Amino acid sequence: MAAPAKRAVVFAYHNVGVRCLKVLLAGGVDVVLVVTHQDSAGENIWFESVMSLCALEGIACITPQDASSPELLAQVQAAQPDLMFSFYYRNMLPQALLAVAPAFNMHGSLLPQFRGRAPVNWAVLHGALETGASLHEMTVKPDAGAIVAQTAVPILPDDTAYEVFGKVTVAAEQTLWRVLPALLNGNAPRTPNDVQQGRYFSGRKPEDGRIDWSQPASEVYNLHRAVAPPYPGAFTDVGGQRYVIERARLSRNDDGKQSSKLPPGLAVVDNCIVGVCGDGRMLAISSLLFDAVPVTPAQLQARLANTDAANT
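For the sequence shown, position 207 (counting from the first letter as 1) is numbered 207 according to UniProt numbering, and the numbering increases by one without interruption.
Dropping the structure here:
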């Protein structure tokens with residue numbers, strides 16, 4: 001007689017939440033309760049819905065505002081899970097919840113690197129050449145539990161955080177799929193997670209996308225890649241008007257001679273929009289937005305001229 005399916009409570013959100021929840025279902029796990037978030041009206045929701053997947057699969061789904069509430073603890077305890085999982089759930093789980101059953105979290109980096117919030121964005125911002133997904137035991141200290149499995153993905157020189165997040169989502173699915181049988185059998189491997197070898201990063205705010213044109217072009221470009229749409233985008237203010245870079249690349253043919261004659265910031269060169277950086281190199285900006293509408297080189301040139309005139 002086959003053993004009964006393992007019961008699981010899953011805390012999940014975002015694309016990683018959807019894909020990993022599907023892996024559990026495909027692996028025969030009895031998901032008895034899903035805890036997720038209500039979408040925020042002030043957020044650009046470009047990702048898949050855990051709530052919609054639960055409705056489709058007939059899974060009980062709740063959206064508590066407080067992960068530390070006694071009501072949530074009672075609901076999780078009543079579900080009597082054998083295992084618990086957190087897949088991009090945005091709230092920290094208190095010790096009382098973690099004590100209900102063995103709990104595992106999927107983190108979007110190669111732990112112990114880039115622990116904490118927005119790991120993909122931070123990896124791109126810091127010019128990392130690779131990242132990945134790590135399944136690890138949950139502890140009260142974030143992203144500090146023993147590592148169960150990892151999958152690496154490359155970060156190519158022109159990848160945006162959005163593109164890298166797509167790779168990390170697939171890596172998370174592969175990581176969970178590969179180790180799930182061992183998890184269900186109780187013999188999954190454990191590797192120490194030496195947090196001294198990595199850093200913890202806090203969440204990012206839209207204001208963190210402000211461009212400092214005095215920085216080298218490689219750093220400005222990494223900022224653009226890290227926050228390019230559908231994230232809020234790297235921005236600069238000129239004459240009281242805010243411009244957001246939608247698409248850009250490091251200029252491949254800039255020898256520094258032409259840009260060295262220009263002050264750092266936005267400019268129009270040969271009918272093309274560029275961003276001149278502190279080291280004399282330029283970003284070739286193929287799409288610049290003002291109030292979410294693309295700006296042409298002619299429009300930007302006229303506005304820059306008006307700003308210069310107003311300042312003289």
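C-beta: ideal position from N, C-alpha, C; glycine also. Computed from a predicted structure; not experimentally measured.
1) Taking the straight line between their C-alpha atoms, what separation do you get for L304 and F201?
2) Between I273, L156, M282, T307, which has its C-alpha nearest A298's C-alpha?
3) Quick one: is Q113 buried, meaning 16 or more other Cβ sit within 10 Å of its Cβ, or exposed?
4) Buried or exposed: W46, going by 16 or more other Cβ atoms within 10 Å of its Cβ?
5) Please report the straight-line C-alpha distance between Q65 and L73, rounded to a whole angstrom.
6) I need the boundaries of the alpha helix (DSSP H) containing C20, first residue and last residue.
7) Tell me, please, which residues DSSP counts as bridged to V244.
8) Leaving out the 5 sequence neighbours to the left and right, which residues in its chain are closer than 6 Å to A5 when beta-carbon positions are compared?
9) Starting from Q150 and walking both ways along the beta strand (DSSP E), at which residues does that stretch end?
10) Should V50 and A12 be called a contact, given that it needs their Cβ atoms to be closer than 9 Å?
11) For R7 and chain B, any beta-carbon pair shorter than 9 Å?
12) For L110, report the span of its alpha helix (DSSP H) as first-last.
13) In this structure, how does DSSP classify F47 when only helix, strand and coil are distinguished?
14) Could you name the residues of the same chain whose beta carbon sits closer than 6 Å to that of V140, not counting the 5 residues immediately before and after it, in chain order?
15) To the nearest angstrom, how far is it from the Cα of E57 to the Cα of R225?
16) Which stretch, first to last residue, makes up the beta strand (DSSP E) that contains S86?
17) Can you tell me which of the three DSSP states D208 falls into?
According to the structure data:
1) Position 304 of the sequence shown, counted from the first residue, corresponds to residue 304. Position 201 of the sequence shown, counted from the first residue, corresponds to residue 201. Using only the alpha carbons, I get a separation of about 37 Å.
2) The residue labelled residue 298 in the question sits at position 298 within the sequence shown. Among I273, L156, M282, T307, the Cα nearest to that of A298 is on I273.
3) The sequence position of residue 113 within the sequence shown is 113, counting from 1. It counts as buried.
4) Here residue 46 refers to the residue found at position 46 when the sequence shown is read from its first residue. Classification of W46: exposed, given that the 10 Å Cβ count is below 16.
5) The residue given as residue 65 occupies position 65 in the sequence shown. The residue given as residue 73 occupies position 73 in the sequence shown. Each residue's Cα considered, the two are about 13 Å apart.
6) Sequence index remark: in the sequence shown, residue 20 carries index 20 (1-based). Residues 14–26.
7) Position 244 of the sequence shown holds residue 244. According to DSSP, V244 bridges with F235, L289.
8) For the purposes of this step, residue 5 is identified with residue 5 of the sequence shown, where counting begins at 1. Answer for A5: G28, D30, listed in chain order.
9) Taking the sequence shown and counting its residues from 1, the one referred to as residue 150 is at position 150. Looking at the DSSP string, the run of the beta strand (DSSP E) that includes Q150 is 147–154.
10) Against the sequence shown, residue 50 aligns to sequence position 50. Against the sequence shown, residue 12 aligns to sequence position 12. Taking 9 Å as the Cβ cut-off, V50 and A12 qualify as a contacting pair.
11) The structure shown contains no chain B; it holds only a single protein chain.
12) Here residue 110 refers to the residue found at position 110 when the sequence shown is read from its first residue. Counting along the chain, L110 falls outside any alpha helix (DSSP H), and DSSP gives it neither H nor E.
13) Within the sequence shown, numbered from 1, the residue matching residue 47 stands at position 47. Of the three classes helix, strand and coil, the one that applies to F47 here is coil, per DSSP.
14) One-based indexing of the sequence shown puts residue 140 at position 140. Here the set comprises Q95.
15) The residue labelled residue 57 in the question sits at position 57 within the sequence shown. The residue labelled residue 225 in the question sits at position 225 within the sequence shown. When rounded, the distance between both Cα atoms is 36 Å.
16) Position 86 of the sequence shown, counting from 1, holds the residue named residue 86. Its beta strand (DSSP E) spans residues 83–87.
17) Translated into positions along the sequence shown, residue 208 becomes position 208. Three-state result, D208: helix.
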